[in-house]
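Peer 1: Encoded as structure tokens, here's the structure I'll be asking about.
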Amino acid sequence: MCVALPRVLWVAVGVIVLTFVAVAPASLRAQRGTLAVDLDRPHFHFTPPTNWTNDPNGMVWYQGEWHLFYQHNPFGDTWGHMSWGHAVSTDLVHWTHLPVALAEDGGVMIFSGSAVVDRTNSSGLCSAHGADRSCLVAMYTAHTETNQSQHLAYSNDRSRTWTKYAGNPVLDIGAKDFRDPKVFWHAATRRWVMVVALATEKKLRLYASPDLIHWQQVSEFGPAGASNGLWECPDLFELPVQGRPGETRWVLVVNINPGAPAGGSGAQYFVGRFDGSTFVPDDAPTRTRWVDYGKDFYAAVSWSDVPARDGRRVWLGWMSNWEYANQEPTSPFRGAMTIPRSLALVADGRDHVLTQTPVAELRALRGAPRTLTNMVMPDGVDVLRDARVRGDALELEVDIVLGLARAVTWAVRRGATEETLVGYDASSGSLFIDRTRSGNVAFSSSFAGRHSAPMTATNGRVRLHVFIDRSSIEVFGGDGRVVLTDRIFPAPTSTGVSLRATGGDATMVRLRAWPMRTASQSRMP
350 MCVALPRVLW
360 VAVGVIVLTF
370 VAVAPASLRA
380 QRGTLAVDLD
390 RPHFHFTPPT
400 NWTNDPNGMV
410 WYQGEWHLFY
420 QHNPFGDTWG
430 HMSWGHAVST
440 DLVHWTHLPV
450 ALAEDGGVMI
460 FSGSAVVDRT
470 NSSGLCSAHG
480 ADRSCLVAMY
490 TAHTETNQSQ
500 HLAYSNDRSR
510 TWTKYAGNPV
520 LDIGAKDFRD
530 PKVFWHAATR
540 RWVMVVALAT
550 EKKLRLYASP
560 DLIHWQQVSE
570 FGPAGASNGL
580 WECPDLFELP
590 VQGRPGETRW
600 VLVVNINPGA
610 PAGGSGAQYF
620 VGRFDGSTFV
630 PDDAPTRTRW
640 VDYGKDFYAA
650 VSWSDVPARD
660 GRRVWLGWMS
670 NWEYANQEPT
680 SPFRGAMTIP
690 RSLALVADGR
700 DHVLTQTPVA
710 ELRALRGAPR
720 TLTNMVMPDG
730 VDVLRDARVR
740 GDALELEVDI
750 VLGLARAVTW
760 AVRRGATEET
770 LVGYDASSGS
780 LFIDRTRSGN
790 VAFSSSFAGR
800 HSAPMTATNG
810 RVRLHVFIDR
820 SSIEVFGGDG
830 RVVLTDRIFP
840 APTSTGVSLR
850 ATGGDATMVR
860 LRAWPMRTAS
870 QSRMP
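Mapped onto this note's numbering, the consecutive letters of the sequence shown carry residue numbers 350 to 874.
Structure representation (structure tokens):
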């Protein structure tokens, strides 16, 4: 059984481990599964202190705090006993872990869902008085072996404790695969809207309510787009169209398992119009748009109730894949979240494209930058050979004119026998991550491989923004229209970085590299 140590002891253990790893033989890596150490604990990605996590849940901003709930097994490091773990942050970077918010009870697991601020006490569950009558209300799926229904819980103390509603369930259609409610306030019709998945039917049901308790079906969506797997964890939100003042569109997100472009689980989206009852997509039903082309981006949902003064729609996803999530070689935790990302819609002719940008708050973790400009990249030459760019936690930006080069390729987390490749293939017009030789890949036959996404160079020019952490890599192409997210498990000593053009010379317009500091994740006393 894994025991959660106090933070001071974790620091001490970490120092001992890193010192030992520096002098240990390469065979240590093969033995790490037997060692209760944090060799793969990310520096700046969210992880639970111990045990299992999967889908982010109930993400809501309230009274100065970003709340992140997540599917959690309090009793082990594989899926089971689903409950809502909980953490809060004031900056989306540094997280404080709180006790389990909603626990499995009587064999009823707490599956995915959402949370909202009930500002006017429409539910009658808020006990506050005076000008601020608000409280937090969570909607979640109660799961048994034979039924899934939608339940409420509420908090009147800033989410430090939760009470399950005595009148649960608030929505039960007698279905086995009816789950993952996302609830939001629709201002134009002055009512609550819920989007919930009929997983095996590849459909979403939309319901409306005046009070979060009594729900009426108003429409249905699907099948459409990718429908080879289960539909789960929907989200629906409105975004302004950049560069077109006053124009907005609605984005409907559907997570799918399996059937993603890299295999296994992934996320797709639709763009269209929503009138408070019915979502009408702009696209033909057969068109599929992918949120992320990597192997490890799933169950993405956005934060609710972010203040208008912030002006952002922010989300993150679970950084794993159901093909091997239970086998990932980490200890004493298993599962991690992506970095938070800001979402936007960009007009492309008559089309609208979803873009993702790492949140600006991550810049607080940057160390001193290394900058290179206007450098010729001769065919096959590592232009970073003497640049002293290395580390297990890095943020990289590069702007390259391709010239005659057929490809430009980073090799990151390099060691004697391992490396992860990230690059742009001009001959196929694709952005890629190749983790075939990224380190420990033997734990699953589905892990090793190359994952790519279609991307067009702009006037022969490619811009990449890359985040590397101890056990992950996230690549943002261009203005964030193309994204790939992958887990990797290299040796702690594999910290090298190289950059090459192949097939001809290219020109590096600018490269910037920042070492990334560790973001503390503290536990409540």
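Think of the CB as a built atom: it goes at the ideal place given N, C-alpha and C, for glycine as much as any other residue.
Keep in mind the model is a prediction, meaning the values are calculated, not measured.
Which word fits Lys-531, buried or exposed, when buried means at least 16 other C-beta atoms lie within 10 angstroms of its C-beta?
Peer 2: Numbered from its first residue, the sequence shown carries residue 531 at position 182. Under this definition Lys-531 is a buried residue.
Peer 1: Throw me the rounded Cβ distance for the His-430 and Val-449 pair, which I believe falls under 8 angstroms.
Peer 2: Working through the sequence shown from its first residue, we reach residue 430 at position 81. Working through the sequence shown from its first residue, we reach residue 449 at position 100. That belief does not hold up - the Cβ atoms of His-430 and Val-449 are roughly 10 angstroms apart, past 8 angstroms.
Peer 1: Go to Leu-553, then tell me how far its beta strand (DSSP E) extends in each direction, as first and last residue.
Peer 2: In the sequence shown, the residue the question calls residue 553 occupies position 204. Per DSSP, Leu-553 belongs to the beta strand (DSSP E) from 552 to 558.
Peer 1: Residues bridged to Asn-505 by DSSP?
Peer 2: On the sequence shown, residue 505 is found 156 positions in, with the first residue counted as 1. Looking at the DSSP assignment, Asn-505 forms no beta bridge with any residue, so it has no partner.
Peer 1: Buried or exposed: His-563, going by 16 or more other Cβ atoms within 10 Å of its Cβ?
Peer 2: As a working mapping, residue 563 is identified with position 214 in the sequence shown. Exposed, since its Cβ has fewer than 16 Cβ neighbours within 10 Å.
Peer 1: What residues are listed by DSSP as bridge partners for Ala-491?
Peer 2: Taking the sequence shown and counting its residues from 1, one reaches residue 491 at position 142. Bridge partners of Ala-491: Ile-459 and Ser-498.
Peer 1: Looking at the unbroken beta strand (DSSP E) that takes in Ile-817, where does it start and where does it end?
Peer 2: Locating residue 817 in the sequence shown gives position 468, counting from the first residue. That run of the beta strand (DSSP E) goes 810 to 818.
Peer 1: Got a sec? Which residues, its chain only, sit under 7 angstroms from Gly-592 by beta carbon, not counting five neighbours each side?
Peer 2: Residue numbering aside, residue 592 sits at position 243 when the sequence shown is read from its first letter. Cβ within range, chain order: Ala-696.
Peer 1: Quick one: what's got a C-beta closer than 6 angstroms to Phe-792's C-beta in the same chain, skipping five residues either side?
Peer 2: Position 443 of the sequence shown, counted from the first residue, corresponds to residue 792. Gln-676 and Pro-678, listed in sequence order.
Peer 1: Going residue by residue through the segment 753 to 830, where are the continuous beta strand (DSSP E) segments of at least 3 residues, counting only ones entirely within it?
Peer 2: List check, beta strand (DSSP E) in window: 756 to 763, 769 to 774, 779 to 783, 799 to 803, 810 to 818 and 821 to 826.
Peer 1: According to DSSP, which residues form a beta bridge with His-535?
Peer 2: For this step, residue 535 is matched to residue 186 along the sequence shown. Arg-540, per the DSSP bridge assignment.
Peer 1: Are the CB atoms of Asp-835 and Arg-784 within a distance shorter than 9 angstroms?
Peer 2: Here residue 784 is taken as the residue at index 435 of the sequence shown, counted from 1. Here residue 835 is taken as the residue at index 486 of the sequence shown, counted from 1. Yes, the pair counts as a contact, with Cβ atoms nearer than the cut-off.
Peer 1: Closest to Val-486 by CA distance: which of Gly-473, Asp-467, Leu-714 and Ala-709 is it?
Peer 2: Working through the sequence shown from its first residue, we reach residue 486 at position 137. Here the closest residue by C-alpha is Asp-467.
Peer 1: If you compare alpha carbons, which of Arg-849, Trp-863 and Glu-453 is closest to Gly-729?
Peer 2: Locating residue 729 in the sequence shown gives position 380, where the first residue counts as 1. The residue with the shortest Cα to Cα distance from Gly-729 is Arg-849.
Peer 1: How would you label Ala-536, buried or exposed, when you count the other beta carbons within 10 angstroms and need 16 or more for buried?
Peer 2: Looking up residue 536 in the sequence shown gives position 187. So Ala-536 counts as exposed.
Peer 1: Return yes when the Cβ of Asp-584 is within less than 9 angstroms of the Cβ of Val-600, no when it is not.
Peer 2: On the sequence shown, position 251 is the one that residue 600 refers to. On the sequence shown, position 235 is the one that residue 584 refers to. It is a contact, given that the beta carbons lie within the stated cut-off.
Peer 1: Cα separation between Thr-720 and Pro-803?
Peer 2: Within the sequence shown, numbered from 1, the residue matching residue 720 stands at position 371. Within the sequence shown, numbered from 1, the residue matching residue 803 stands at position 454. Near 28 angstroms, if we compare the C-alpha coordinates of Pro-803 and Thr-720.
Peer 1: Taking Asn-406 and Phe-682 to be in contact with their CB atoms under 8 angstroms, please state how far apart those CB atoms are, rounded to whole angstroms.
Peer 2: Taking the sequence shown and counting its residues from 1, one reaches residue 406 at position 57. Taking the sequence shown and counting its residues from 1, one reaches residue 682 at position 333. Asn-406 to Phe-682, Cβ: 17 angstroms. No contact.
Peer 1: Would you kindly work out how many angstroms separate the C-alpha atoms of Glu-494 and Asp-741, rounded to a whole number?
Peer 2: As a position in the sequence shown, residue 494 is number 145, starting the count at 1. As a position in the sequence shown, residue 741 is number 392, starting the count at 1. Answer to the nearest angstrom: the Cα atoms are 42 angstroms apart.
Peer 1: Give me, in chain order, the residues of the same chain whose beta-carbon lies closer than 8 angstroms to that of Glu-710; leave out the 5 immediate sequence neighbours on both sides.
Peer 2: Counting from 1 along the sequence shown, the entry for residue 710 is found at position 361. Closer than 8 angstroms at Cβ, skipping near neighbours: Asp-440, Leu-441, Val-442 and Pro-689.
Peer 1: Counting C-beta neighbours from all protein chains within 10 Å, is the total for Thr-490 16 or more, i.e. buried, or is it exposed?
Peer 2: Position 141 of the sequence shown holds residue 490. Buried.
Peer 1: Just the Cα atoms here: how many angstroms apart are Ala-524 and Ala-611?
Peer 2: Locating residue 524 in the sequence shown gives position 175, where the first residue counts as 1. Locating residue 611 in the sequence shown gives position 262, where the first residue counts as 1. Taking the straight line joining both Cα atoms gives about 30 angstroms.
Peer 1: Mind the definition here: the segment 806 to 814 touches the segment 744 to 764 only if three or more C-beta pairs lie below 8 angstroms; say whether that holds.
Peer 2: The segment 806 to 814 vs the segment 744 to 764: in contact.
Peer 1: Quick check on Gln-565: buried or exposed, where buried means 16 or more other Cβ atoms within 10 Å of its Cβ?
Peer 2: Mapped onto the sequence shown, residue 565 falls at position 216. Exposed: under 16 other Cβ atoms inside 10 Å.
Peer 1: Please confirm if the segment 470 to 477 is in contact with the segment 414 to 432, defined as three or more CB-CB distances below 8 angstroms between the two stretches.
Peer 2: Not touching, per the Cβ criterion.
Peer 1: Mind pulling the beta strand (DSSP E) runs of 3 or more residues that sit fully within the segment 574 to 628?
Peer 2: You should have 579 to 591, 597 to 606 and 615 to 623.
Peer 1: Which runs of the beta strand (DSSP E) fall wholly inside the segment 402 to 460 and span at least 3 residues, in chain order?
Peer 2: Entirely contained in the segment 402 to 460, the beta strand (DSSP E) runs reaching 3 residues are, in chain order, 414 to 422, 432 to 438 and 444 to 451.
Peer 1: Please state whether DSSP places Ala-674 in a helix, a strand or coil.
Peer 2: Taking the sequence shown and counting its residues from 1, one reaches residue 674 at position 325. It is helical.
Peer 1: Would you mind sorting Ser-432 into buried or exposed? The rule is 16 or more other CB atoms within 10 Å of its CB.
Peer 2: Taking the first residue of the sequence shown as 1, we reach residue 432 at position 83. Ser-432 is buried by the Cβ-count criterion.
Peer 1: Does DSSP classify Arg-712 as helix, strand or coil?
Peer 2: Reading the sequence shown from its first residue, position 363 is the one you call residue 712. Three-state DSSP puts Arg-712 in a helix.
Peer 1: Under the rule that 16 or more other beta-carbon atoms within 10 Å means buried, what is Arg-622, buried or exposed?
Peer 2: As a first step, residue 622 must be located in the sequence shown, where it is residue number 273. So Arg-622 counts as exposed.
Peer 1: Which ranges would you report for the alpha helix (DSSP H) in the segment 663 to 707 if only whole runs of at least 4 residues count?
Peer 2: Counting only runs of 4 or more, we get nothing.
Peer 1: Considering only the beta carbon of each residue, do Leu-703 and Met-686 sit closer than 9 angstroms?
Peer 2: Your numbering for residue 703 matches position 354 in the sequence shown. Your numbering for residue 686 matches position 337 in the sequence shown. No, they are not a contact pair.
Peer 1: Exposed or buried, which one is Ser-504 when buried takes at least 16 other CB atoms within 10 Å?
Peer 2: To locate residue 504, count along the sequence shown from 1; it is residue 155. With 16 or more Cβ atoms within 10 Å of its Cβ, Ser-504 is classed as buried.
Peer 1: Using a Cβ-Cβ cut-off of 6 angstroms (strictly less than) and excluding sequence neighbours within five positions of Glu-746, which residues of its own chain qualify?
Peer 2: Here residue 746 refers to the residue found at position 397 of the sequence shown. For Glu-746, where only same-chain residues beyond five positions count, the Cβ hits under 6 angstroms are His-814 and Arg-861.
Peer 1: State the Cα-Cα distance for the pair Gly-698 and Asp-828, rounded to the nearest angstrom.
Peer 2: On the sequence shown, residue 698 is found 349 positions in, with the first residue counted as 1. On the sequence shown, residue 828 is found 479 positions in, with the first residue counted as 1. In a straight line, the C-alpha of Gly-698 is about 16 angstroms away from that of Asp-828.
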